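Novice: Submitted below is the structure of interest, expressed as structure tokens.
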Amino acid sequence: MLNSRRARSGLLAMVATGAVLATSVALSGNADAATTLGASAAQSGRYFGAAIAAGKLGDATYTRILNTEFSAVTPENEMKWDATEPSQGRFTYTNGDRILQQGQSMGAKVRGHALLWHQQQPSWAQSLSGSALRSAAINHVTQVATHYKGKIYAWDVVNEAFADGGSGGRRDSNLQRTGNDWIEAAFRAARAADPAAKLCYNDYNTDGVNAKSTGVYNMVRDFKSRGVPIDCVGFQSHLGTSIPGDYQANLQRFADLGVDVQITELDVAQGGNQANIYASVTKACLAVSRCTGITVWGIRDSDSWRTGENPLLFDNSGNKKAAYTSVLNALNAGGTTTPTTPPTTPPGTPPSSTPPPSGAGCTAAVSLNSWDGGYVATVRVTAGSSALSGWTVSVTLPSGGAITGAWSATNSGTSGTVGFRNVDYNGNVAAGASTEFGFQGTGGGPGTATCQAS
Ligand code: XIL
């Protein structure tokens, strides 16, 4: 862990290349300027957050800055797999709950971080593989997202699954070796467990247009086209002494896919450009209407994981640095207002390869992602020659099978023959068009489904 962390820090300085885009804006005479990061970001509907550690909440300087300045929190380590499931099936939420309570007491958003990651896995998970690991991973997602159901603004469902370098492909890991569909299975399980949380993919070295970010982009585009539930992409933005010149353009191209974007772990090596780079990141987020907020990865330099790089907005004593002022000024200079988007509404579904039914009514096609002992099902509902104003789908499960969660539909019953009814936003389907819903279950899944207009 320590070695890879060191390697990461070294890498950061090398990978972040490109020109500094902008200088900070002085704001003399802006009578409406807000005086804290959170309040300034709120002027355009955004949040400004910090990663925090449960063990530091007793430090008076730390909590004073936290309570005053920030409107979102992310647990730095407390909701990771090793922290929440130290032995298989035994879940410990004490420290995660402390972060949640701190966030709630501030009226702040809480970003959940991170359900699945190749690092900071408990040792029992590191020694699993294949279907045993897949089941354990999906169970982990389900259990943790269920524990925090309704309380998390956005979850980093999967963290750092893409490889560095020019391949644009996935990183090798025990999770990846369970099958390329592990990421979508995780997102579906997270949606089933907590339909209100925005579900994010989060990574580093994806801050400009490059092979790695394009790999992520292609995955997100594919997920959106197939109805895999994804709502946001996190850009960690652990930056060195420069910022990619296409930083804003990169955020925008993801936003154009129909997901929110967030700066999730911002820190910038101290040097001549630190304040300017912070301002450039802030302005880029403000210029992208679907950039919903910025999180810095710690409060004071002494709290940073990048020991010795002084990459944060407050010095070791808790004093505001020049970088703080440049962020505050950029926030007060304003930007696009973020649209309020419903968190879980799936986008318009692409044309189906299945021909629509010839008559009125509807058809339903099931596709299953199964593993030993469980599955995630995606069901495509296609309207016939008349538009639907509501639909029900029925499936029959093999004996012993049970449904453990559904999204974009409401189920009646969990075993035997189970009915699913549309929810508010997907009952209306134009003639020949399609919509999707899904469910997760134990045992075997259904092979077919029947659809009825209602
Ligand atoms: C870091 C924490 O800050 C450290 O305390 C811990 O030792 C290692 O992990 N990318 C991520 C974060 O997604 O979870 C990492 O946090 C930093 C890199």
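In terms of the numbering used here, the sequence shown is numbered consecutively and its last residue is 1729.
Note that CB positions come from ideal geometry on N, CA and C, so glycine has one too.
Nothing here was measured: the structure is a model prediction, and the numbers come from that model.
Going by other Cβ atoms of all chains shown within 10 Å of its Cβ, with 16 needed for buried, is GLY1713 buried or exposed?
Specialist: Here the question's residue 1713 lines up with position 438 in the sequence shown. Per the 10 Å Cβ criterion, buried.
Novice: Buried or exposed: SER1664, going by 16 or more other Cβ atoms within 10 Å of its Cβ?
Specialist: Counting from 1 along the sequence shown, the entry for residue 1664 is found at position 389. Exposed, because fewer than 16 other Cβ atoms sit within 10 Å of the Cβ of SER1664.
Novice: Run through the region 1312-1342 for me and flag every whole alpha helix (DSSP H) of 4 or more residues, listed as ranges in chain order.
Specialist: Listed in chain order, the complete alpha helix (DSSP H) runs (minimum 4 residues) inside the region 1312-1342 are 1312-1317.
Novice: Here's a check: name, in chain order, each residue in its chain whose Cβ is nearer than 6 Å to the Cβ of THR1298, leaving out the five neighbours to either side.
Specialist: Taking the sequence shown and counting its residues from 1, one reaches residue 1298 at position 23. Its pLDDT being 36, under 50, THR1298 is placed unreliably by the model, and the measurement read from it follows with that caveat. Excluding positions up to five away in sequence, the list reads ASN1551.
Novice: Roughly how many angstroms lie between the CA atoms of GLY1313 and PHE1529, to the nearest whole one?
Specialist: Looking up residue 1313 in the sequence shown gives position 38. Looking up residue 1529 in the sequence shown gives position 254. Going by the C-alpha atoms only, they are around 25 Å apart.
Novice: Express the C-alpha separation of ASN1352 and GLN1396 in angstroms, rounding to a whole number.
Specialist: Here residue 1396 corresponds to residue number 121 of the sequence shown, with the count starting at 1. Here residue 1352 corresponds to residue number 77 of the sequence shown, with the count starting at 1. The alpha-carbon atoms of GLN1396 and ASN1352 are separated by roughly 11 Å.
Novice: Return the CA-CA distance between ARG1365 and ALA1598, expressed in angstroms with no decimal places.
Specialist: Counting from 1 along the sequence shown, the entry for residue 1365 is found at position 90. Counting from 1 along the sequence shown, the entry for residue 1598 is found at position 323. Approximately 42 Å between the Cα atoms of the pair.
Novice: Can you find a heavy atom of the ligand XIL that lies under 7 Å from the Cβ of GLN1511?
Specialist: Taking the sequence shown and counting its residues from 1, one reaches residue 1511 at position 236. Yes, the beta carbon of GLN1511 sits closer than 7 Å to at least one heavy atom of the ligand XIL.
Novice: From ALA1728 to VAL1556, what distance separates their C-alpha atoms?
Specialist: Locating residue 1728 in the sequence shown gives position 453, where the first residue counts as 1. Locating residue 1556 in the sequence shown gives position 281, where the first residue counts as 1. Looking at the two C-alpha atoms, the distance is approximately 49 Å.
Novice: Locate the alpha helix (DSSP H) running through ARG1501, then write down its first and last residues.
Specialist: Along the sequence shown, one-based indexing puts residue 1501 at 226. Segment 1486-1501, the alpha helix (DSSP H) holding ARG1501.
Novice: Quick check: is any heavy atom of the ligand XIL less than 7 Å from the C-beta of ASN1370?
Specialist: In the sequence shown, residue 1370 corresponds to position 95, counting from 1. No, since every heavy atom of the ligand XIL falls outside the 7 Å radius drawn around the Cβ of ASN1370.
Novice: I'd like the list of long-range same chain contacts for GLN1363, defined as Cβ closer than 7 Å, with 5 residues on each side in sequence excluded.
Specialist: Walking along the sequence shown from the start, residue 1363 turns up at place 88. Excluding sequence neighbours, GLN1363 sits near TRP1399, ALA1411.
Novice: Does the beta-carbon of ASN1434, which I'm using as the reference point, lie nearer than 7 Å to any heavy atom of the ligand XIL?
Specialist: Your numbering for residue 1434 matches position 159 in the sequence shown. Yes.
Novice: Quick one: residues in its chain with C-beta nearer than 6 Å to the C-beta of VAL1432, no 5 flanking neighbours on either side, listed in chain order?
Specialist: Within the sequence shown, the letter at position 157 stands for residue 1432. Within the same chain, VAL1432 has close Cβ partners LEU1390, ALA1461, PHE1462, ALA1465, LEU1474.
Novice: Taking 8 Å as the cut-off, decide whether the C-beta atoms of VAL1602 and LEU1588 are in contact.
Specialist: Looking up residue 1602 in the sequence shown gives position 327. Looking up residue 1588 in the sequence shown gives position 313. The answer is yes: Cβ separation under 8 Å.
Novice: Could you check if TYR1522 is buried or exposed, using at least 16 other CB atoms within 10 Å of its CB as the buried criterion?
Specialist: Looking up residue 1522 in the sequence shown gives position 247. So TYR1522 counts as buried.
Novice: If you follow the alpha helix (DSSP H) that ASP1478 is in, where does it begin and where does it stop?
Specialist: Position 203 of the sequence shown holds residue 1478. Segment 1473-1478 is the beta strand (DSSP E) holding ASP1478; no alpha helix (DSSP H) there.
Novice: Could you give the distance in angstroms between the alpha-carbon of PRO1617 and the alpha-carbon of CYS1507?
Specialist: Position 342 of the sequence shown holds residue 1617. Position 232 of the sequence shown holds residue 1507. The predicted model places PRO1617 with a pLDDT of 43, which falls under 50 and marks its position as unreliable; any figure quoted below should be read in that light. Cα to Cα, the separation comes out at about 12 Å.
Novice: Which first and last residues belong to the beta strand (DSSP E) in which PHE1695 is found?
Specialist: Residue 1695 sits at position 420 when you count from the first residue of the sequence shown. Start and end: 1692-1697.
Novice: DSSP state of TYR1650, grouped into three classes?
Specialist: To locate residue 1650, count along the sequence shown from 1; it is residue 375. Strand.
Novice: Taking buried to mean at least 16 other C-beta atoms within 10 Å of its own C-beta, is LYS1424 buried or exposed?
Specialist: Along the sequence shown, read from residue 1 onward, the residue named residue 1424 stands at position 149. Exposed.
Novice: For ARG1240, I'd like the list of residues in its chain whose CB is within less than 8 Å of its CB, leaving aside the five on either flank, ordered along the chain.
Specialist: Only positions 1276 to 1729 of the chain appear in this structure, which leaves residue 1240 out of reach.
Novice: State yes or no: is the C-beta of TYR1479 nearer than 7 Å to some heavy atom of the ligand XIL?
Specialist: For the purposes of this step, residue 1479 is taken as residue 204 along the sequence shown, with counting starting at 1. Correct: TYR1479 has its Cβ closer than 7 Å to the ligand XIL.
Novice: So what's ALA1640 in DSSP terms, helix, strand or just coil?
Specialist: Reading the sequence shown from its first residue, position 365 is the one you call residue 1640. In this structure, ALA1640 counts as strand in the three-state DSSP scheme.
Novice: At the level of alpha carbons, what is the spacing between SER1346 and LEU1561?
Specialist: The sequence position of residue 1346 within the sequence shown is 71, counting from 1. The sequence position of residue 1561 within the sequence shown is 286, counting from 1. Distance between the alpha carbons of SER1346 and LEU1561: 16 Å.
Novice: What do you reckon, is the C-beta of HIS1422 under 7 Å from a heavy atom of the ligand XIL?
Specialist: The residue you call residue 1422 lines up with position 147 of the sequence shown. For the ligand XIL, not one heavy atom lies less than 7 Å from the Cβ of HIS1422.
Novice: Let's test the definition: count the other Cβ atoms within 10 Å of the Cβ of PRO1504 and tell me whether it reaches 16, buried, or not, exposed.
Specialist: For the purposes of this step, residue 1504 is taken as residue 229 along the sequence shown, with counting starting at 1. Result: buried.
Novice: My parser needs the beta strand (DSSP E) runs of 3 or more residues fully inside the region 1400-1448; what are they?
Specialist: The region 1400-1448 contains these whole beta strand (DSSP E) runs: 1429-1434.
Novice: Does the beta carbon of GLU1734 fall short of 7 Å from some heavy atom of the ligand XIL?
Specialist: In the structure as shown, the chain starts at 1276 and stops at 1729, and residue 1734 therefore has no counterpart that could be examined.
Novice: Counting C-beta neighbours from all protein chains within 10 Å, is the total for SER1660 16 or more, i.e. buried, or is it exposed?
Specialist: Against the sequence shown, residue 1660 aligns to sequence position 385. SER1660 is exposed by the Cβ-count criterion.
Novice: Taking 6 Å as the limit between beta carbons, can you name the residues of its chain near ALA1420, skipping five residues before and five after?
Specialist: Here residue 1420 refers to the residue found at position 145 when the sequence shown is read from its first residue. ALA1465, ALA1468, ASP1469.
Novice: For HIS1388, list the residues DSSP reports as bridge partners.
Specialist: If you number the sequence shown from 1, residue 1388 lands on position 113. Answer is ASP1431.
Novice: Using 8 Å as the threshold, is the C-beta distance between VAL1698 and THR1679 below it?
Specialist: Locating residue 1698 in the sequence shown gives position 423, where the first residue counts as 1. Locating residue 1679 in the sequence shown gives position 404, where the first residue counts as 1. Contact flag unset, no.
Novice: Can you check whether the CB of THR1717 is closer than 8 Å to the CB of ALA1681?
Specialist: In the sequence shown, residue 1681 corresponds to position 406, counting from 1. In the sequence shown, residue 1717 corresponds to position 442, counting from 1. Not closer than 8 Å, so no.
Novice: Indicate, with yes or no, if the ligand XIL has a heavy atom lying under 7 Å from the CB of GLU1711.
Specialist: Position 436 of the sequence shown, counted from the start, is the residue given in the question as residue 1711. Not so, every heavy atom of the ligand XIL lies at least 7 Å from the Cβ.
Novice: Span of the beta strand (DSSP E) holding ALA1684?
Specialist: In the sequence shown, residue 1684 corresponds to position 409, counting from 1. Per DSSP, ALA1684 belongs to the beta strand (DSSP E) from 1684-1687.
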